[in-house]
Amino acid sequence: MREECGIVGISLEGGCGDAPVQLYYSLFALQHRGQESAGISVHDGKGTRTKKGMGLVPQAFSKDDLIELASSTGIGHVRYSTTGASSIENAQPLVINYRDGTLALAHNGNLVNSQELRYSLETEKRIFLSDSDTEVIAQVFIKELSKKDIIGAIKDVVRMLSGSYSIVMLIEDKVIAFRDPLGIKPFCIGKLDSGYIVASESSAIDVLNGVYLRDVKPGELIILQNGQMETEQLYRLKHSAHCLFEHIYFSRADSILDGKLTYQSRIKVGEKLYEEHPIEADIVFPVPDSGTTFALGYSKGSNIPYLEGLMKNRYSVRTFILPGQDMRETAVRLKLNTIKANVAGKRVVIVDDSIVRGTTSKHIVDMVRAAGAKEVHVRIGSPPIIAPCYLGINIPTRYELIAANRTIHNVETLIHTDTLGYVSLEGLVNSIGILKEDFCTGCFTGIYPVEIPGERCIVSQLKITEFQEKQ
Ligand code: SF4
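Following numbering that gives the first Met the number 0 from start to finish, the sequence shown increments by one per residue and tops out at 470.
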């Protein structure tokens, strides 16, 4: 599976030129969310300037770039495309000059109605420069901004967009951030020494020695200017639809997400996994690194010793960037090796966060057996993935998902394990400590929080009621 994107916005008290360096470090802390490209836009009091590059954050910017961009306000983005091709044209922030100024915009999420919005804008003779849904959001916003002030325009934009979006924009020296009314993508606020930061994850605040304040609420607008913050609750729905997969896999274990420390949630899920699927074994170990915290929890709950059985080659590429199944299998071998002395002659429990196609799991089980394990049991910190994601995570089609249309016993057989246990959906959400109704569970249930043609949807969550609250 592919992550989507990471976004950051920073506003410092006037005169401080540090924003680009701080954006650089915070993007570096969000690097796990996107490795295709990175970009920074700043406003230096006179105009908006942008630097974007392909690759990792250190590849995209030089020291001289950061010196040249010196300013006290800016936004940044790391990208892994979910719509639109991987190219510098689609790297963000997206910058558009319009009648009254310049807009820079960075987006994490995926619209499900971007084609129809685009079509309607094209019929009004608006010209698109890229194929990304981010440009659709920018064009809708600019159109509304020609008729209203910023807050009024955003209110109307939110009514028009369907899907997931956490957005940060730069208009002159204002950083404007908002989160979709379902709060699907993570977004939080932090206090810095001389200003404020909004970011996809709290790890981007920690790296600057800032203080995590809280999440941006679903449907909330944040305006940062000259190191000060104003907020306005634009919309409030009865329930949120936070992406459950952020808690399981995408976000860093040291990030606080929707008010919950991800590390703590994953430990509890591991304990619950043992409660639901106990087994007698000699050692428990993770598929590194995604299964590590779940395995620690499983060990804690079961008192089965935690001992590493697989070693990761930290320099290997991620398997998902390699096309085709054979290449994927080769990549597993390049990425992981068994620690034979730890597994030989033992009954082992291997813990991972999820199973997508099953190819990696089968390979790992075969490798561990070949290393001499007596029994191999697999435990998974999420329920079976049975459906795709339309909201910004690149989950394969139902046809490719091993658990779609198969029993757990079938999957167990296909990945060659002695036993297989997935944590239940109830066990998972209870361990995290957020109501099930406040999560998107689409890829586990096939029921989505927004309308998607041909899919089931929770209609009750769609009605936007206006709720204004100055804080
Ligand atoms: S469908 Fe799955 S991956 Fe996509 S937003 Fe919902 S929980 Fe997250």
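Cβ coordinates follow ideal geometry from the N, Cα and C atoms, glycine included.
Treat the numbers as computed from the prediction; the structure is a model and nothing was measured.
Between E274 and the set G100, I379, V331, L68, the nearest pair of CA atoms involves I379. Contact between D351 and H415 fails: their C-beta atoms lie close to 15 Å from each other, not under 8 Å. In the structure shown, I392 falls within a coil segment according to DSSP collapsed to helix, strand and coil. Less than 9 Å separates the beta-carbon of G218 from that of G182. Taking the C-beta atoms as reference points, A28 is found no nearer than 9 Å to R265. Residue side-chain check: G391 places its Cβ nearer than 8 Å to a non-hydrogen atom of the ligand SF4.
DSSP places L26 in the helix class (H, G or I) of the three-state scheme.
Residue burial annotation: S61 is exposed, with fewer than 16 other C-beta atoms found within 10 angstroms of its C-beta. In this structure, the straight-line span from the alpha carbon of L309 to that of L272 is close to 20 Å. When C-beta atoms of the stretch 391-400 are compared with those of the stretch 201-220, fewer than three pairs fall below 8 Å, so the two segments do not count as touching. DSSP places F140 in the helix class (H, G or I) of the three-state scheme. Here F127 has E134 as same chain residues with Cβ atoms under 6 Å from its own Cβ, once five neighbours each way along the sequence are excluded. Proximity of the beta carbon of Y421 to the ligand SF4 is not indicated: no heavy atom of the ligand is located closer than 8 Å. The C-beta of A343 has fewer than 16 other C-beta atoms within 10 Å across all chains shown, which makes the residue exposed. Counted as a single uninterrupted DSSP element, the beta strand (DSSP E) harbouring Y164 occupies residues 162-170. Under the three-state reduction of DSSP, D351 is assigned to strand. Within 8 Å of the C-beta of L223 there is not a single heavy atom belonging to the ligand SF4. Straight-line spacing of the CA atoms in T291 and G357 works out to 19 Å. In terms of Cβ geometry, G100 and L22 do not form a close pair [threshold 9 Å]. In the DSSP assignment, P285 falls within the unbroken beta strand (DSSP E) covering 282-285. When the Cα atoms are used, R158 and R332 turn out to be separated by approximately 48 Å. Non-local beta-carbon contacts of V283 in its own chain, meaning distances under 6 Å to residues more than five positions away in sequence, involve A294, Y297, S298, I303, Y305, V348 in chain order.
Ranking E3, G420, S254 by CA distance to the CA of A90 puts E3 first. For the pair S360 and A198, the CB atoms are not nearer than the 9 Å cut-off. Uninterrupted alpha helix (DSSP H) stretches at least 4 residues long and entirely within the stretch 406-467 occur at 407-413, 424-431, 441-444, given in chain order.
With 16 or more neighbouring CB atoms inside 10 Å of its own CB, A402 falls in the buried class. Spanning the alpha carbons of K45 and L427 requires a straight line of approximately 50 Å. Exclusion of I354 from the 8 Å shell around the ligand SF4 follows from its C-beta lying no nearer than that to any non-hydrogen atom of the ligand. L243 has its Cβ nearer than 8 Å to a heavy atom of the ligand SF4. With a minimum length of 4 residues, the unbroken runs of alpha helix (DSSP H) contained wholly in the stretch 233-281 fall at 261-275. In this structure, the beta-carbon distance from T49 to G38 falls below 9 Å. Apart from sequence neighbours up to five positions away, the residues of its chain that approach A105 with a beta-carbon distance below 6 Å are I6, I74, H76, Q91, P92, V167, ordered along the chain. Short note on F284: C-beta not closer than 8 Å to any heavy atom of the ligand SF4. Comparing C-alpha distances from I247 to each of D17, Y447, F438 shows the shortest one belongs to F438. The C-beta of L191 has 16 or more other C-beta atoms within 10 Å across all chains shown, which makes the residue buried.
Approximately 7 Å separates the beta-carbon atoms of S145 and R98; this is inside 8 Å, confirming the contact.
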